[in-house]
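Using full-length UniProt numbering, you'd call the opening residue of the sequence shown number 1 and step up by one each time. Every residue gets a Cβ at the ideal spot worked out from N, C-alpha and C, and that includes glycine. Structure, as structure tokens:
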Amino acid sequence: MTQPVLELKGLSKSFAATQALKDMSLAVMPGEVHAIVGENGAGKSTLIKIMTGVHQPDTGTITVDGQPVTLRSTQAAQDAGIAAIYQEPMVFPDLNVAENIFISNRAKGRIMRWSEIYAEAEALIAPLGVKLDVSRAASGLTLAEQQTVEIARALSLKVKVLIMDEPTASLSAHEVARLLDIARALKAQGVAVIYISHRLDEIFRIADRVTVIRDGQHISTKPIAEVTEDGLVKDMVGRALESFAVKNAATPHGETLLSVNNLTCTGIFQGITFDLHKGEVLCLAGLVGARRTDVALSLFGIAQATDGTITLAGQQVRITTPQQAMDLGIAYVSEDRRKLGLAMPLPIFANISLASLKKLLKPLGLIDRTAEAAMAETYRAGLAIKTPDIRLEVGKLSGGNQQKVMLAKWLETKPRVLIFDEPTRGIDVGAKAEVHAIIRQLAAEGVAILVISSDLPEVLALADRILVMREGRQSGILPIEEATQERVIALAAGQTTERPAA
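Here you go:
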């Protein structure tokens, strides 16, 4: 029997009072795609950091090709044949593709001709089935092309195990398909691929085996042929898939709250027209580059529209700053928690109060810390934010819990219109169900909700109506009763007629 290329036995790791991993074991075979799934906070990130030498385990052993190793740094992990690529690639924009590929290769100590460097770079990229000019500057590469460069860099280091951590979170459907083809090509070369993703459909498309971890512990490892989606979710979250409610039809909604007519931002989007009612969930769907986020930024006053009108509660308004939007009762939950949504070094309570500090000011301009803490505790309980202490830095929370903190910040402003931009990006299936339930509850309370999502099943589960965009233009609006994935994709791709079913 072939021995594992990488084997972890009995790994445990604690950070202060938090047990991140407990007696975790994993065996990865050469030439297989081994998926690892689990909720945010399950211990996946800690496991990756141990495998790549960022953290060292408190207990347990690591073997590569049957030989015990100690991975005290990322360099030590690379020397052992272990590398990783992440959701956000790390390339040097001022260097070209070939230079980026070989920048970590210490074996290139000799003087080489550029022709030889380019030839070697092309030889590394060719088996991946991707065409890429190796003399091209990395600054002009797409996200998918940057990931290809990182994979080629790992191959130049004679990688045995390549960890792909949420590699498709920011890719289009076409780019996802190409990345999965690259994973298959690596497998054919004998490289073991550890594939980590919240997108369960990808797991079933690419994995040979799948390991589930929960609360830092190994739950199961099975061949993909023996796994069902229901069983996988149950192992991940400890409850059955049926508990995740799916919306089947539009819910009754109230009077028109927001009317947008011919909204245009020159060179970015144009002609956006829709009504949004109290208690309604209107979803904006479309492919990458459809400019949906730009519409949201305009409604929130970050990017000013150049034409068109916005009417709120019967009054025409002009929104030129986020403060104006907030004063009108509009809130925007950004898709980028780390850059635009949260102040990562600050504690949870400070992030929750960030948009509502005026409410907490004492007569001398000092913040009422007691009231601030009480506010944070209310949202911790109400949104089930998992944290031992509201004084914890928000950056130390899992992605799903960070999302809830960001939502709490905006809920405290008591918005009439709430814009969610990719509300479940990068969070697990359990946290996604919780966010969906929160959105439905807010709609039931009369909040008008605009959701931007690239996840079509999510759109179909949440929406009362779907506005489809393509390249900055509005392609159509579908009531949920008439919406299917095929119809939405047809509008997003610019098809004027639906193709017959195959």
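Query	Result
Output needed for L132: all residues of its chain with C-beta closer than 7 angstroms, excluding positions within five of it in sequence on either side, in chain order.	V97, I125, E145 and T148
Which residue from E377, G382, E481 and E202 puts its Cα closest to that of Q441?	G382
Using the C-alpha atoms, what's the distance from H198 back to L241?	With a pLDDT of only 45 at L241, under 50, the local geometry of the prediction cannot be trusted, and the value read off the model is given with reservation. Answer to the nearest angstrom: the Cα atoms are 15 angstroms apart.
List the DSSP bridge partners of E393.	P347
Between A305 and the rest of its own chain, which residues show a CB-CB distance below 7 angstroms, the 5 nearest in sequence each way excluded?	L263, T264, C265 and S298
Is it right to say D58 is buried, meaning 16 or more other beta carbons lie within 10 angstroms of its own, or is it exposed?	exposed
Please report the distance separating the alpha-carbon of F244 from that of Q402.	Model confidence at F244 stands at a pLDDT of 47, short of 50, so the residue's coordinates are unreliable; what they give is reported in the following sentence. For F244 and Q402, the distance between alpha carbons rounds to 21 angstroms.
Are the CB atoms of I196 and V37 within a distance shorter than 9 angstroms?	yes
Use the C-beta contact count for I103: other C-beta atoms within 10 angstroms, 16 or more gives buried, fewer gives exposed.	exposed
For T168, which residues in the same chain have their Cβ closer than 7 angstroms to its Cβ, ignoring the five residues on either side in sequence?	V176, L179, S197, R199 and E202
Could you tell me the distance, in whole angstroms, from the CA atom of E335 to the CA atom of V405?	13 angstroms
Which residues does DSSP pair with H218 in a beta bridge?	I213
What residue does the beta strand (DSSP E) around K49 start on, and which one ends it?	Segment K44 to M51 is the alpha helix (DSSP H) holding K49; no beta strand (DSSP E) there.
Report, in whole angstroms, the separation of the C-beta atoms of P30 and V69, which I expect to be a contact under 8 angstroms.	Going by Cβ atoms, the distance from P30 to V69 rounds to 16 angstroms, so no, they are not a contact pair.
Mind listing, in chain order, the continuous alpha helix (DSSP H) runs of no fewer than 4 residues lying wholly within the region 102 to 189?	114 to 125, 143 to 156 and 173 to 188
Tell me whether the region 433 to 453 and the region 411 to 419 touch, counting them as touching only if at least three CB pairs, one residue from each stretch, are closer than 8 angstroms.	yes
Taking the beta strand (DSSP E) that K362 falls in, what are its first and last residues?	It is not in any beta strand (DSSP E) - K362 carries neither H nor E in the DSSP assignment.
In terms of residues, what are the limits of the alpha helix (DSSP H) holding K401?	Note on residue identity: the sequence assigns Asn, not Lys, to residue 401. Looking at the DSSP string, the run of the alpha helix (DSSP H) that includes N401 is G399 to L411.
List the residues that DSSP assigns as beta-bridge partners of R465.	L282 and P479
Would you call the region 313 to 322 and the region 339 to 350 in contact, with 3 or more CB pairs under 8 angstroms?	no
How would you write the range of the alpha helix (DSSP H) that D235 sits in, first residue to last?	E229 to V237
From the DSSP output, which residues share a beta bridge with K9?	T61
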